[in-house]
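Offset between the sequence shown (1-based) and my numbering: plus 181. Just so it is clear, CB atoms sit at the ideal spot from N, CA and C, and this is done for glycine as well. Computed from a predicted model, the values in this text were never measured in an experiment. What follows is a set of notes on a single structure, which appears directly below.
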Amino acid sequence: MVSANGAAGAPGATAPHPGRTDRLDAVAGTDAGFRLLDDLGDAVYVHDLDGRLVAFNEPACTALGYSRADLAGMSVADFETTVTRAQIAAACRQIRADGTPFTHTGVHRRKDGGLVPVEMRSTAIVRDDQDLILTVARDVSDLHRAERILGESEQRFRSLIEHSPFGIAVTLPNGQPLMVNRRLAELLGRPRADLERMSFHEIYDRPEDRDRLLELYAFRGRVLDHEVSLRVHDPGTTTDGARWFLVSWQPTRFEGQDAIVSWYQDVNHRHIAGEEMRDLHAELQYRIEERTRELGVEITERRYAEAALKEANEFLEQKVEERTHYLKREIDQRRRAEKEREKTEMELLDIIETAPIAVGIADQNGRFLFWNPLFFRLGRQHMEESGKVNFGLDFVEPGLMRALQAQVIGGERVEHVEARLVTSDEDARWVLVSMRKLTFEGQAALLTWVFDITDMKEQAEALEEARLAAEASARAKSAFLATMSHEIRTPMNGVITMAEMLAQTDLEPDQRHMLDVVIDSAGALLAIIDEILDFSKIEAGRIVLEAVDLSLVQLIERVADLLAPKAEQKGLDLLCWTEPGIPDHFDGDPNRLRQILVNLAGNAIKFTETGHVTIHASLSVADVPDPSDPGAPRWIRFEVRDTGIGMTESQLARLFQPFSQADSSTQRRFGGTGLGLSISHTLVDVMGGRIGVDSHPGAGTLFWFEVPLRPRPERRALDPHPIAGARVLTISDSAPGRDLLERILLWGEAAPVMTADMDAARAALMHALVQDRPFDAVIVDRHVDGAPGARRLEEIRRLGGATPPPVLMVVPRGSRETSRIGELTGVSGVIGWPLHRYEMTFTLSVALGRTPPDAVCPWRRRSSDKPIGGGIGHFIAPDRATAETAGCVVLLAEDNPTNQTVIRMLMERLGLVADLAGDGREALKLFETHPYGLVLTDCHMPEMDGYDLTERIRAHETEARDARRTPVVALTADAIAGTARQCLDRGMDDYLTKPVAIADLEAAIAKWLPQALELRRPRMAAPPLPEPQPDPQPEAAAAPSPATAPPDADASNSAPSPGCGEPVLDTAYMLDLVGGDATMLKGLLEEFVSATAGDVDAAEAAFADGRLSDAQKAVHAVSGAARSAGAGHLGALCKRIEAALLEGDPETARRLKDGIRPAFEAAAAAIRAL
């Protein structure tokens, strides 16, 4: 389209629909989406680059007066009157080339011949591989009519002022002129342009006249007929460049501002008439006296004198009559004004005298000049009770009142000061006192207000007592809930852990079914306990938020992974998507955000029987970025949308309340505590955000919340893997699934072709074959006409051309059919569902041959928290020289011998070259003399810990200005709130939790030192793990079982064992690490026993001496080494003791410390039994 004058981008173009076509172009991309636009009030139509209509909505037909059949065959030029067909075609191609929306105006001709002015906004879109233009047109006839009427009204107003016989000006209260009429410019003898540039406070000849008018206006709100002297530029003036004017001021609104309209009437002739009268009288007196002295004058001259005297008397009488009339009118006006003032004063006095506030006015010596009845009653009561004879403010605390009076006299204003009344009653009465200075009857005075607040104060105190009692009750209840939840949760963890371990054994089908019921029921019970525990923390005000580095993409995808099995069981599509246009890395609390999303999405799955559930993250419409501060908080909006049962208005009103669900039938049918939404609401509030819901019965539900998160500009989001330009055929019978697949492919700049079934896919493949534009890859979604078998895959490959395209299958993550599908001939890769955009583009890029098949996806999800290292192969490291040349040598700082051995073996298995330092000081010396590509450091070490080491490394890099920033990754056994934030704040780049899973370590290497993974070479095969052998010694059954925790040392201790559910010794991780070498494993574990014994002794000695700081360091060392060696019970116990010491709870630590020695001995016994 073009503008009215035929030129694209003409000046004056407007934007009637800002931002709407940016969303409409996505909706108009499909037929179904375009039909949604019928609900819009504006006309929307799509046309090709020559103006021929392709599609339009119902409002377009209504606006032009055509039926759909008539309009379908038309072009834009058939109804747009301001441009030609050639201009339309040129403008459309310009819009497509620019790629940005274009706004313009035009005139449409209706079918009945009527002309309709419109404002339009056009943008280029692509639909079915065709370049099109989407235009939104709005009828602006009413707007033009309103603007015309407003303009005519304004013109009449200006014309009345301009042609007024009086001088008129419109000014701001500060004197700045907004409008001056022609007559005033003539009266003041100045050009109008000069008057419009000067302040009207400067036109007064006498400043006292101006000040008097300003004071009257401030007091009365207007000024009527006041005579003042104004400066004029008229050479004919008789009073030295000044003339007398009658001036009036009135308040008004002008151009949206508070203003003053003033009238000026020249009364100079009337003012000087009095002066002339006085001059004539003096001259007459002089002539009479002169004539009286000249007795010898002739009769004729006397007659002349008498005639002159008569003429002068007549003139004098005329002037006296004129002046008398003027003075009479002035006196009448003043009398009327005085009556108005007296009436207003009486009304104000009546208000003051009947007000429930005591009001008094006193001079600065304390003598009262005015008081209302309530003030008098308070003062008189005090005089009678105290025997005083002077009336004053003594009925309020005298010392306080003297201080307040001094403040006010000094220029301050006293507002609402609480004071106590001086009374003879035992019950105290309280008042609020306010004071200010004013002028009263011509003298400086103090105005005092006194308001009795005794009843309100008593009510407030009663409310405060009730609040404190309620809070105490709530704290007691929360403490009980927290204690009971912990007491129940600890054995429940043991139940779940033992049940999961039992599930790994051979069971009969009916036994496995019963065990599945046990595991599901225990998990549900544990979820309820966790909700109650969270709620008790919220009520007790103990919710503390983390502020660590989090990735929105990972957060959303991992929530979807967690809930995917539930959605899969119900046959629901679970989708997740984070808008690419927002930053990915923020400072926030990922655990709490995950908790909110899991609750909302879990509810959505629970209440949805068919359809889909979508988890979505985007920028809020309230987000306004600050270009000057890239680290300023951004408002992020999270949405969970479902196609479930929906809710009524009454049900919505009960949401977010503790222990409340939509209705009682919901609780009976679906279960739950009713705490989830209440907890989510509170967490969002604590984060400074907002949460809400939109729902209708039978139409699904949208839960949303928005929170401010501070971005980390230095952490850039990953780009998609190289798939740009690839033609990808996707086959998915799920509309939401197709949409998400298309979004990810378009994000990677691929060229997707979407089909809904195998018939459509067949047609697309044959069309591509005929056009000699074969597809580069084919993606087949789950359950398309049933899972595609070998025959269908062969058909896809046959229709793919001479070089069959790779076929990738989308399957549920963790599904048993994943391996079976991967073994089918023709399957080049498997994409997990729910879809992860980085992982999907990585898998597709490998299938296209653009990424090496042995490459590691840096965004692939980390393994579980269990220290199992299976799934990672064995690699051969490059020689030292090659690694140094490539900058791929790793520096490891670790003081614990067991951890040194474990991490060194992890490095060897991953094929990495590494140097080992026993503490931070040794590591710093190595760093300053050798080039390293990555530093892995423990946080707690003697001599110099990991935090100080990192700061020294950063200082060294700053001094050597050409040095690059070396990534530093923390190895910490801490899982305590704040540890991760502390690592990042002290200059580290990432952190890993001990025991370090090999998959996590490899992911960290891929993230921070990816070139090191390219230098290694895979071994031919990983060493096989030995088959487990039965223990030939029957007496070994009497030894502590490696799979269970020993009993507490003190049977009388009521605290549960913190290691319940943790094995005494889990050798799976270590056995995999040493390649199944049992001899090497035993030697490594015996080294752990000998190295850790000293730390156990040190911990016991520190507790005995009361050196809690040293005790914390010792149990930290034992915890890290035990968890690396697989001594789970010992590690968990020491971790619990360390957490208690760090949280300032030494009593709990002392109660648990007696279990350290038995747990260590149990682990040592299990190791000796190997």
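* **For K618, the three-state DSSP class (helix, strand or coil)** => Strand.
* Asked: Between V448 and E367, what straight-line distance do the alpha-carbon atoms span, to the nearest angstrom?
  -> So the alpha carbons of these two residues sit roughly 15 Å apart.
* **DSSP bridge partner residues for A1285 (one or two, in chain order)** => Beta-bridge pairing by DSSP links A1285 to no other residue.
* Asked: Within 10 angstroms of its Cβ, does K658 collect 16 or more other Cβ (buried), or is it exposed?
  -> Exposed, by the Cβ-count rule.
* For T162, does the count of other Cβ atoms within 10 angstroms reach 16, so buried, or fall short, so exposed? -> Outside the shown range of the chain, which is 182 to 1351, sits residue 162, and nothing can be said about it.
* To do: Starting from the N-terminal side, write out each stretch of the alpha helix (DSSP H) that is 4 residues or longer and does not extend beyond the segment 885-973.
  => Runs found: 916-928 and 939-951.
* Asked: How far does the beta strand (DSSP E) with M1088 in it reach, from first residue to last?
  -> M1088 -> not in any beta strand (DSSP E); alpha helix (DSSP H) instead, spanning P1078 to L1091.
* Under three-state DSSP, which class holds L883? -> Correct three-state label for L883: strand.
* On the three-state DSSP scale, how would you describe T202? -> Reliability fails at T202, whose pLDDT of 46 lies under 50, so the model's placement of it is uncertain and no value is given.
* Asked: Tell me, which residues are paired with G348 by DSSP?
  -> DSSP lists Y445 as partners of G348.
* Apart from the five residues on each side of it in sequence, which residues of its chain come closer than 7 Å, Cβ to Cβ, to R290? -> Result list for R290: F260, T262 and L296, in chain order.
* Can you give me the start and stop residues for the alpha helix (DSSP H) that P298 sits inside? => Where P298 is concerned, there is no enclosing alpha helix (DSSP H), although the beta strand (DSSP E) it sits in stretches over L296 to R308.
* Just reading off the alpha helix (DSSP H) that R1135 is part of, what are its end residues? -> That run of the alpha helix (DSSP H) goes G1127 to E1140.
* Distance, Cα to Cα, I777 vs V988? -> In this structure, the alpha-carbon of I777 lies about 37 Å from that of V988.
* Going along the chain, which residues of its own chain have a beta-carbon closer than 6 Å to the beta-carbon of I826, five neighbours each way excluded? -> In its chain, beyond the 5 residues on either side, F788 have a beta carbon closer than 6 Å to the beta carbon of I826.
* Where does E1354 land, buried or exposed, given buried means 16+ other C-beta within 10 angstroms? -> For residue 1354 there is no data in the structure shown, the boundaries of the chain being 182 and 1351.
* Asked: Within 7 Å: the Cβ of P746 and any heavy atom of the ligand HEM?
  -> You won't find the ligand HEM in this model; it holds no ligand whatsoever.
* Would you tell me roughly how many angstroms separate the C-alpha atoms of S859 and A1036, rounded to the nearest one? => Whole-angstrom Cα-Cα distance: 45 Å.
* Beta-carbon contacts of R1167 that lie in its chain and below 7 Å, excluding the five residues immediately before and after -> Excluding its 5 nearest sequence neighbours in each direction, R1167 has C-beta neighbours in its own chain below 7 Å: Y1128, T1131 and E1132, listed in chain order.
* Would you give the residue range spanned by the alpha helix (DSSP H) that D1100 belongs to? => Note, D1100: premise wrong, no alpha helix (DSSP H); not H, not E.
* Helix, strand or coil for D799, going by three-state DSSP, please let me know. => Per the sequence shown, the amino acid found at residue 799 is Ser instead of Asp. Reduced to three states, the DSSP call for S799 is strand.
* Shortest alpha-carbon distance to I1179 belongs to which of A1161, M1125, L1091 and E1195? -> Of the listed residues, the one whose Cα sits closest to I1179 is L1091.
* To do: With a 10 Å radius around its C-beta and 16 neighbouring C-beta atoms as the bar for buried, classify M1201 as buried or exposed.
  => Its pLDDT being 44, under 50, M1201 is placed unreliably by the model, and nothing is read from it.
* **Coil, strand or helix - G287 by DSSP** => If DSSP states are grouped into helix, strand and coil, G287 belongs with the strands.
* One or two residues paired with A318 in a DSSP bridge -> For A318, DSSP records a beta bridge to A224 and M301.
* Asked: Can the beta-carbon of P1015 be found less than 8 Å from the beta-carbon of A1302?
  -> Inclusion of P1015 and A1302 in the CB contact set at 8 Å is not warranted, their separation being larger than that value.
* State whether the segment 1275-1294 contacts the segment 1052-1067, with contact taken as three or more CB pairs (one from each stretch) at a distance under 8 Å. => Taking 8 Å as the limit for Cβ pairs, the verdict is that the segment 1052-1067 does not touch the segment 1275-1294.
* Take R132 and list the residues in its own chain whose beta-carbon comes closer than 6 Å to its own, dropping the five residues that flank it on each side. => Since the first residue of the chain shown is 182 and the last is 1351, residue 132 is not available in this structure.
* Roughly how many whole angstroms lie between the Cα atoms of S861 and N780? -> A straight line joining the alpha-carbon of S861 with that of N780 spans about 8 Å.
* Exposure label - K509; buried when at least 16 CB within 10 Å -> By the 10 Å Cβ count, K509 comes out exposed.
* Tell me, to the nearest whole angstrom, how far the beta carbon of P993 is from that of E1268; I am working on the premise that it is less than 8 Å. => Your pair P993 and E1268 does not check out as a contact, with CB atoms roughly 43 Å apart and the cut at 8 Å.
* Asked: Which residue spans inside the segment 623-649 form an unbroken beta strand (DSSP E) run of at least 3?
  -> Fully enclosed beta strand (DSSP E) runs of 3 or longer: 624-633.
* Asked: Can you list, in chain order, the residues of its chain whose CB lies under 7 Å from that of L753, leaving out five sequence neighbours each side?
  -> Answer for L753: I786, T789, G792, H793 and V794, listed in chain order.
* Work out the CA separation of A1347 and A1321 for me, nearest whole Å. => Taking the straight line from one Cα to the other gives about 28 Å.
* What span of residues does the beta strand (DSSP E) with S380 cover, start to end? -> Where S380 is concerned, there is no enclosing beta strand (DSSP E), given that its DSSP letter is neither H nor E.
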